[in-house]
Amino acid sequence: MSKARRCPGCDLLVLPEIATQGHSAYCPRCHTRLYRGGIARFNAELALAVACLILYIPMVSLPLVTIRLIGQMIPATLTSGTVALAPTFPAVAILILFCSAIAPLLLICAVLSAQFSLRFRQLRLFKLSLWILSHLKQWTMLEVFLVSLAISCFKVQEVADIYVGIGLYCLISMQILLSVLLTKISVRRYWDAWQPENEHISDKLDTVCHSCQLTQEALPHCRRCGSQLHHRIPKSLQKTWAYLITASIFILPANLYPISIFMNNGKRIEDTIFSGVAGLVKTGMTSIAIIIFVASIVVPVAKIIGLAYILLCIQFKQRSQRLQRMRIFRIVHWIGKWSVMDLFVIAIMVALIDRGQLLDFTPGPGAIAFGVVVILTMLAAESLDSRLIWDKYEQRTK
1 MSKARRCPGC DLLVLPEIAT QGHSAYCPRC HTRLYRGGIA RFNAELALAV
51 ACLILYIPMV SLPLVTIRLI GQMIPATLTS GTVALAPTFP AVAILILFCS
101 AIAPLLLICA VLSAQFSLRF RQLRLFKLSL WILSHLKQWT MLEVFLVSLA
151 ISCFKVQEVA DIYVGIGLYC LISMQILLSV LLTKISVRRY WDAWQPENEH
201 ISDKLDTVCH SCQLTQEALP HCRRCGSQLH HRIPKSLQKT WAYLITASIF
251 ILPANLYPIS IFMNNGKRIE DTIFSGVAGL VKTGMTSIAI IIFVASIVVP
301 VAKIIGLAYI LLCIQFKQRS QRLQRMRIFR IVHWIGKWSV MDLFVIAIMV
351 ALIDRGQLLD FTPGPGAIAF GVVVILTMLA AESLDSRLIW DKYEQRTK
């Protein structure tokens, strides 16, 4: 660990101190974690991934909850809402299915395939597995689905009896194990196990590989993983602005058009996000109203404002409060997934109380616009190269 390296968060060239088992080394400037101490062991990750894979099938196939409504027993599995939405709202259904079922499965399989390819030296599979591990963490949203399920149960408890299914216990167990697994995963550790960075001694340490985080001289391709090297992520600002401006346009119909339509004995009730929150307050569900308000209104707006602030500071070359902007960037990146909560609630409600002409619950046009906002703001956060916040820092402070 004596080799100097560039921080992937701010591009500062640092000589990390040796960290002991259970501790981590952090960048002194932007506080990005550089590496974890101790010897890399992957047995625990393998065991957790296998346990998650065993839980996955019952989690997806068995009922999470069952309600008694109008004399009928109605089960709801993890994918029931997706199946119900697919004929009329395929885009929303695909987003919900991906975040709740496909992304977790891909993440688990990526851990297993990374272990396999590391053992049998399959570079292409190894790179693909680590790419999935790097990019799908934010799109794995079982914890958001659990909160959405709890909110949906609170909303239907006055008109139906609710029974907990075996699938819910599997989902909770899966979320606990997956959370532990995600805290243990380190792409850098996998690459160091594949080929230690001290095998690549460079006189110049000009750039860091965005894939394997190896610091090296500026070359066309990485010496360790073969990925194309760039001083900064190409067109990072342009992509982030494009996603952000488009999300800002769609946030208006997302809030002005109905996000859900409820039919009760022929009476049609259309709710926007805000009117739905107001309705929850009127019925005494203030705590749920606050959660929905924060997740569906505050978080998307805060993400857009936060990212726009960072982008403007970068483009106008603001010198002060760089660490503050780095913290805002991390917060925006972390809270992004919680905006999907309202879409999960809609999917669960459709699965539970869509009973034809007597009771009917469907998404409104606002749900499509809201889904676009969620996806674009998350892509905007992923597209922004945080090193741009710190560019030319050294020259200006000399």
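In UniProt numbering, the protein residues as written are 1 to 398. Backbone N, C-alpha and C fix where the C-beta goes; we use that ideal spot for every residue, glycine too. For clarity, every value in this text was computed on a predicted model and none was experimentally measured.
Tell me which same chain residues have a C-beta within less than 8 angstroms of the C-beta of Ile328, skipping the five on either side of it?
Gly306, Tyr309, Ile310
Let me confirm a value: Asp161 is counted as buried when at least 16 other C-beta atoms fall within 10 Å, else exposed. Which label applies?
exposed
Kindly indicate the opening and closing residues of the alpha helix (DSSP H) around Gln324.
322 to 335
Burial state of Pro8, where buried means 16 or more other Cβ atoms lie within 10 Å
buried
DSSP bridge partner residues for Leu69 (one or two, in chain order):
Gln72
What are the residues that DSSP puts in a beta bridge with Pro363?
Ser260
Exposed or buried, what is Ser383 when buried is set at 16 or more other beta-carbons lying within 10 Å of its beta-carbon?
buried
What are the boundary residues of the alpha helix (DSSP H) that includes Ile310?
299 to 315
Which residues does DSSP pair with Asp161 in a beta bridge?
Arg68
Evaluate Ile353 with the Cβ neighbour count: other Cβ atoms within 10 Å of its Cβ, from every protein chain shown; 16 or more gives buried, anything less gives exposed.
buried
Specify the secondary structure class of Lys267 as computed by DSSP and reduced to three states.
strand
For Ser386, count neighbouring C-beta atoms within 10 Å of its own C-beta (all shown protein chains included) and say buried if the count is 16 or more, exposed if not.
buried
Spatial neighbours of Val144 within its chain, please: C-beta separation below 8 angstroms, excluding the five flanking residues on both sides.
Cys99, Lys337, Trp338, Val340, Met341, Phe344
Candidates Leu107, Glu270, Met73, Arg29: which alpha carbon is nearest Asp360's?
Glu270
In whole angstroms, what is the alpha-carbon distance linking Leu62 and Leu85?
19 angstroms
Taking the Cβ atom as the reference point for each residue, do Val60 and Thr82 lie within a distance shorter than 8 angstroms?
no
Less than 8 angstroms between the beta carbons of Leu252 and Ile314, yes or no?
no
Please classify Ile273 as buried or exposed, where buried requires at least 16 neighbouring CB atoms within 10 angstroms.
buried
Note down, in chain order, each residue of its chain lying with its Cβ closer than 7 angstroms to the Cβ of Glu17, except the 5 sequence neighbours on either side.
Ala25
Of the residues Ala289, Phe370, Pro300, the one placed nearest Phe154, counting alpha carbons only
Ala289
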